[in-house]
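Chemist: In this note's numbering, the protein residues as written are 10 to 315.
Quick reminder that beta carbons are idealized off the backbone N, C-alpha and C, glycines included.
What you are looking at is a predicted structure, and each value in this text was computed from that prediction instead of being measured.
1. So, helix, strand or coil for residue 274, using DSSP?
2. Which one or two residues does DSSP pair with residue 20 in a beta bridge?
3. Can you name the start and end residues of the alpha helix (DSSP H) that residue 220 belongs to?
4. When you compare the segment 87-98 with the segment 171-191, are there three or more beta-carbon pairs, one atom per stretch, that lie closer than 8 Å?
5. Beta-carbon within less than 8 Å of residue 240's beta-carbon, same chain only, minus the 5 sequence neighbours each way: which residues are those?
6. Whole-angstrom Cβ separation of residue 200 and residue 207, contact assumed at under 8 Å?
7. What is the rounded straight-line gap between the Cα of residue 275 and the Cα of residue 251?
8. Within a Cβ cutoff of 6 Å, which residues of the same chain sit near residue 346, ignoring the five residues on either side of it in sequence?
9. Leaving out the 5 sequence neighbours to the left and right, which residues in its chain are closer than 6 Å to residue 211 when beta-carbon positions are compared?
10. Measure the CB-CB distance between residue 172 and residue 79 and report whether it falls below 7 Å.
11. Excluding the 5 residues preceding and the 5 following residue 51 in the sequence, name in chain order all residues of the same chain whose CB lies nearer than 6 Å to its CB.
12. Taking the beta carbon of residue 37 as the centre, do at least 16 other beta carbons fall within 10 Å, making it buried, or is it exposed?
13. Select from 89, 254, 99 and 308 the residue whose C-alpha is nearest the C-alpha of residue 293.
14. Out of curiosity, what's the CA-to-CA distance linking residue 265 and residue 160?
15. From residue 283 to residue 249, what distance separates their C-alpha atoms?
16. Taking residue 114 as part of the beta strand (DSSP E), name the residues at either end of that continuous run.
17. Taking the beta strand (DSSP E) that residue 252 belongs to, which residues open and close that run?
18. What separation, rounded to the nearest whole angstrom, lies between the Cα atoms of residue 32 and residue 49?
19. With a cut-off of 8 Å, do at least 3 Cβ pairs link the segment 123-138 to the segment 98-105?
20. Cutting at 7 Å between CB atoms, please list the residues of its own chain near residue 121, excluding the five before and the five after it.
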């Protein structure tokens with residue numbers, strides 16, 4: 010998609026295309042990474058005695074799988090969020106299956122043989138396995154024991170919840186991770202960051218930023234001081250604008266600005282803390298002159314300290 014240099018108010022919209030490289034990348038890169046994460050997760054649920062830690066581990070496991078899926082799909086030039094999320098879901102299903110194989114191998118008597126048998130078994134065999142496991146094993150969600158006997162129905166419910174947590178975490182991570190860069194259909198390359206910095210906005214209203222840019226252009230941002238520049242700060246906190254510029258150098262129309270607002274609160278003898286964030290605009294098209302001027306402004310601090 011090409012930019013209209015005079016439409017500074019417009020934002021990038023993905024073409025939604027999926028290159029043949031995307032599924033190939035998912036299979037050759039994300040699939041092995043998911044198997045590796047599954048093996049680590051199986052060890053955690055085998056030896057960890059804390060139920061709540063295992064719940065957090067399930068979310069982390071799903072997030073890692075989703076990240077692997079989304080990054081691999083993007084590297085394969087996927088411009089489609091649905092594809093990224095679907096890839097994350099399928100990988101989470103595979104990763105859950107593989108972690109059970111690893112868990113069986115390291116936990117059960119003659120686990121290697123049983124794991125090999127289950128790896129080549131169909132759905133009916135797995136259902137029988139879970140049914141037998143829920144009846145004859147007095148295990149917690151950690152599958153490590155020592156939390157008392159649970160009913161077969163409760164065990165099944167816990168395993169279903171565990172699977173849902175992993176799958177939802179994977180899909181959510183892929184959903185959020187998509188769309189942070191723009192893809193030039195002209196050069197078939199992703200945009201890359203050129204500069205980023207925080208601008209001091211004092212007590213300004215985040216809702217006024219985009220209308221001001223639409224009216225005055227990106228040059229309006231150049232009048233805001235860098236947060237790092239010396240200045241008096243309100244004792245009750247202040248607002249900042251985190252600005253990132255990214256472009257595809259080989260495409261003259263492909264320049265973008267992303268702005269996120271944040272509220273910073275001071276703390277005695279400690280670093281200020283961010284208490285509120287707001288997405289103001291994502292991948293806003295910029296004309297060359299205004300973009301270059303803003304990049305020079307944001308890199309002023311870096312040039313002065315290098």
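Modeler: Short version:
1. DSSP places residue 274 in strand when its eight states are reduced to three.
2. Listed as beta-bridge partners of residue 20 by DSSP are 293.
3. Secondary structure note for residue 220: its alpha helix (DSSP H) is the uninterrupted segment 218-225.
4. Cβ pair count under 8 Å is three or more, so yes.
5. Excluding residues within five positions, the ones whose Cβ falls inside 8 Å are 209 and 234.
6. The C-beta distance from residue 200 to residue 207 rounds to 21 Å, too long to meet the 8 Å contact threshold.
7. About 18 Å.
8. Because the chain is modelled from 10 through 315, residue 346 falls outside the range shown and cannot be assessed.
9. Cβ within range, chain order: 247.
10. In this structure, residue 172 keeps its C-beta atom at 7 Å or more from the C-beta atom of residue 79.
11. Cβ neighbours of residue 51 within its own chain (closer than 6 Å, five residues either side excluded): 108, 111 and 112.
12. Exposed: under 16 other Cβ atoms inside 10 Å.
13. Each of 89, 254, 99 and 308 was checked against the Cα of residue 293, and the nearest Cα belongs to 254.
14. Going from the Cα of residue 265 to the Cα of residue 160 covers about 56 Å.
15. Those two C-alpha atoms are separated by around 10 Å.
16. Taken as a continuous stretch (DSSP letters only), residue 114 belongs to no beta strand (DSSP E), being part of the alpha helix (DSSP H) at 90-116.
17. Membership of residue 252 in the beta strand (DSSP E) is indicated by the continuous run 247-256.
18. A direct Cα-Cα distance of roughly 25 Å separates residue 32 from residue 49.
19. Verdict: no, contact absent.
20. Cβ within range, chain order: 114.
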